[in-house]
Every structure is written in structure tokens, then in C-alpha cells.
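Q: Right, I'll just put the structure down here and ask away after.
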Amino acid sequence: MDRLVWIDCEMTGLDPASDVLLEVACLVTDGELNVVGDGTDLVIAAPEAALDAMVPVVKDMHETSGLTAAVRASTLSVAEAERQILAYVRSLVPENRRAPLCGNSIATDRSFLARYMPELDGYLHYRMIDVSSVKELARRWYPRAYYAAPVKHGGHRALADIRESIEELRYYRRTVFVPQPGPTTDEARAASVEIRAETDAAAQPASSGSGAADQPSLDPATAEITDTTQPAPNV
Numbered sequence: 012m013d014r015l016v017w018i019d020c021e022m023t024g025l026d027p028a029s030d031v032l033l034e035v036a037c038l039v040t041d042g043e044l045n046v047v048g049d050g051t052d053l054v055i056a057a058p059e060a061a062l063d064a065m066v067p068v069v070k071d072m073h074e075t076s077g078l079t080a081a082v083r084a085s086t087l088s089v090a091e092a093e094r095q096i097l098a099y100v101r102s103l104v105p106e107n108r109r110a111p112l113c114g115n116s117i118a119t120d121r122s123f124l125a126r127y128m129p130e131l132d133g134y135l136h137y138r139m140i141d142v143s144s145v146k147e148l149a150r151r152w153y154p155r156a157y158y159a160a161p162v163k164h165g166g167h168r169a170l171a172d173i174r175e176s177i178e179e180l181r182y183y184r185r186t187v188f189v190p191q192p193g194p195t196t197d198e199a200r201a202a203s204v205e206i207r208a209e210t211d212a213a214a215q216p217a218s219s220g221s222g223a224a225d226q227p228s229l230d231p232a233t234a235e236i237t238d239t240t241q242p243a244p245n246v
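Structural data, given as C-alpha cells:
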């Protein structure tokens with residue numbers, strides 16, 4: 012079982028220390044991005060003071076989408092919402108800390124889960140799949156694919172936003188990733204050797220003169236290579 016847990020949150024703002032959750036939706040997919048189950052979408056009650064504190068752009072967004080009215084009509088607590096979502100996730104992903112959290116700019120959503128739904132947050136793997144990262148790489152490396160990506164119409168409602176994120180990753184998989192079944196083992200090993208050789212070559216001092224290895228390069232081309240070959244973060 013290689014399932015992915017997709018979560019999207021709608022909040023009063025972006026700061027989990029002062030803003031609150033208004034809506035949380037969840038879908039689970041398999042590794043091929045096929046949706047498993049019906050998903051769940053919960054609107055959470057919030058104090059009027061929290062709604063009044065929203066900045067104008069967020070206030071307008073949630074009023075236009077109908078979320079503000081739904082929040083005012085809701086009696087669901089954060090604790091009960093967490094219980095229901097966690098039960099849904101466990102029904103489809105029975106192994107603790109196995110499935111990664113997925114979505115768009117998902118670190119923001121995760122910060123709110125850590126603050127308001129810590130048991131749910133702890134049930135998920137610490138790794139995350141952020142469609143925004145794929146999108147940013149496509150913008151730099153495959154701009155034609157980036158600008159032709161499906162237009163979003165989710166309207167800032169949680170479940171619709173998740174479905175669009177899944178659609179978006181499905182699109183980028185088809186347009187910018189290596190087609191399945193991918194490279195052969197020999198091709199992959201050869202690419203690994205080539206990349207390591209390029210990295211090692213770029214790390215060599217630009218000059219063998221005295222003190223050259225201790226001085227920053229003034230050659231723009233060399234500087235650019237150095238910048239792009241820093242070790243990737245350990246994730």
C-alpha cells in the first residue's frame with residue numbers, strides 16, 4: 012500500500028499563532044493519483060472575533076465562496092473535526108506515519124495541523140509532497156508546460172482545491188516527468204555517475220595558484236555553477 016493523504020485547509024489568515032481553522036478537507040489517493048474513497052470536508056465553527064479580524068482580501072474571499080456563512084452556521088469544534096478526519100485517514104491508511112501529506116504550499120496547511128490537530132499531524136509521515144515545488148521547477152525548466160497547465164476554478168473551498176491539486180500533479184507527471192517505465196537500471200546508473208562527476212568537477216578550485224582555493228571566484232560562470240551545485244537538503 013503506497014497511499015497519499017491530501018489535505019487542504021481554509022483559515023482566517025496564514026499565522027497559526029493568531030489565525031484559526033475554518034475548513035479542513037481530506038482525500039486519499041493511491042500512488043498513481045487515483046482517488047480512494049469519497050473524501051471528507053468539514054466546516055468548523057469560529058468565534059465572530061476571529062472572522063472580524065480577517066484582513067479585507069481574506070474576508071472578501073471567504074464571503075464570496077460562501078465559507079463565512081457556512082462557518083457561522085457550523086457547530087463543529089476543532090477537536091471533533093480532527094477526530095473525524097483522523098478516523099477517515101485511518102480507515103484508508105491503517106499504518107501510522109506511513110503516508111506523506113500532499114497538497115499545494117502544503118507547509119502552511121501542516122503548520123495549522125501541528126497547531127490545532129496535532130494527533131492528525133503526528134499520524135502522517137514527516138515527508139510531504141508539495142505540488143507547488145513541482146510547479147516552480149516546471150516554470151524554470153519547462154515553461155511551455157507551466158503556462159499550459161489546467162486553470163484552477165476551486166474558488167478557495169478546501170475539497171475543490173484538493174481535487175485541483177491532484178489534477179495538477181497528474182498533469183505535470185504527464186508533461187514533464189520521464190514517461191514510464193522510466194530509464195533502465197543501466198541508464199539510471201550511468202546518469203548517477205555523470206551527475207556525480209559533474210558535481211565533483213564543479214567543486215574543483217578554478218585555479219591552482221596560491222590561495223585560489225580559499226578565495227571566492229570572480230568569474231560569473233563559475234559562480235553560477237557553484238551556486239547550482241550546493242548539496243540538496245536532507246529530506
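Residues in the sequence shown are numbered from 12 upward in steps of one, following the numbering used here. C-beta atoms are modelled at their ideal positions from N, C-alpha and C, and glycine is treated no differently. Here the structure is a predicted model, which means the values were calculated and not measured.
Give me the residue from A156, V35, Q95 and R174 with the minimum Cα distance to A57.
A: V35
Q: Can you name the start and end residues of the beta strand (DSSP E) that M139 belongs to?
A: M139 to D141
Q: Buried or exposed: where does S176 fall if 16 or more other Cβ atoms within 10 Å of its Cβ makes it buried?
A: buried
Q: Would V142 pass as a contact of L170 if the rule is Cβ separation under 8 Å?
A: Cβ distance not < 8 Å, so V142 and L170 don't count as in contact.
Q: Measuring alpha carbon to alpha carbon, tell me which of T210, D19 and D197 ends up nearest L112.
A: Taking only the C-alpha atoms, the option nearest L112 is D19.
Q: By DSSP's criteria, D52 is part of a beta bridge. Which residues make up the other side?
A: A36
Q: Tell me which same chain residues have a C-beta within less than 8 Å of the C-beta of S116, skipping the five on either side of it?
A: D141 and S143
Q: Along the chain, where does the alpha helix (DSSP H) that runs through V66 open and close?
A: Looking at the DSSP string, V66 is not in any alpha helix (DSSP H), and its letter there is neither H nor E.
Q: Which of helix, strand or coil does DSSP assign to D21?
A: Correcting the residue identity first, residue 21 is Glu in this sequence and not Asp. Strand, per DSSP.
Q: Please name the residue in L103, G77 and Y183 whose C-alpha comes closest to that of Y153.
A: Ranking L103, G77 and Y183 by Cα distance to Y153 puts Y183 first.
Q: Any chance the stretch 199-209 sits against the stretch 57-75, with 3 or more Cβ pairs inside 8 Å?
A: Judged by Cβ distances under 8 Å, the stretch 199-209 makes no contact with the stretch 57-75, as fewer than three pairs qualify.
Q: Exposed or buried, which one is F10 when buried takes at least 16 other CB atoms within 10 Å?
A: Since the first residue shown for the chain is 12 and the last is 246, residue 10 is missing from the structure and cannot be characterised.
Q: Count Cβ pairs between the stretch 75-91 and the stretch 37-48 that sit closer than 8 Å; are there 3 or more?
A: no
Q: So who's on the other strand from V162, going by DSSP bridges?
A: In the DSSP output, where bridge partners are listed per residue, V162 has none listed.
Q: Reducing DSSP to helix, strand and coil, say where G114 ends up.
A: strand
Q: Smallest Cα separation from D63: which of Y157, G24 and G193?
A: Of the candidates Y157, G24 and G193, the one whose C-alpha sits nearest the C-alpha of D63 is G24.
Q: According to DSSP, which residues form a beta bridge with V204?
A: DSSP lists no partner for V204.
Q: State whether the stretch 127-139 contacts the stretch 160-168, with contact taken as three or more CB pairs (one from each stretch) at a distance under 8 Å.
A: no
Q: Using a Cβ-Cβ cut-off of 7 Å (strictly less than) and excluding sequence neighbours within five positions of A110, which residues of its own chain qualify?
A: Answer for A110: R14, L15, V16, V104, L135 and H136, listed in chain order.
Q: Taking its Cβ as the centre, do 16 or more other Cβ atoms sit within 10 Å of Y99, making it buried, or is it exposed?
A: buried
Q: Rounded C-beta distance between E93 and L131? I'm assuming under 8 Å.
A: 5 Å
Q: Kindly list the residues whose CB is nearer than 6 Å to the CB of T186, restricted to its own chain and excluding five residues on each side of it in sequence; keep chain order.
A: So the list reads A156, once near-sequence residues are dropped.
Q: Taking the alpha-carbon positions, what's the A90 to E147 distance?
A: Between the alpha carbons of A90 and E147 lies a distance of about 35 Å.
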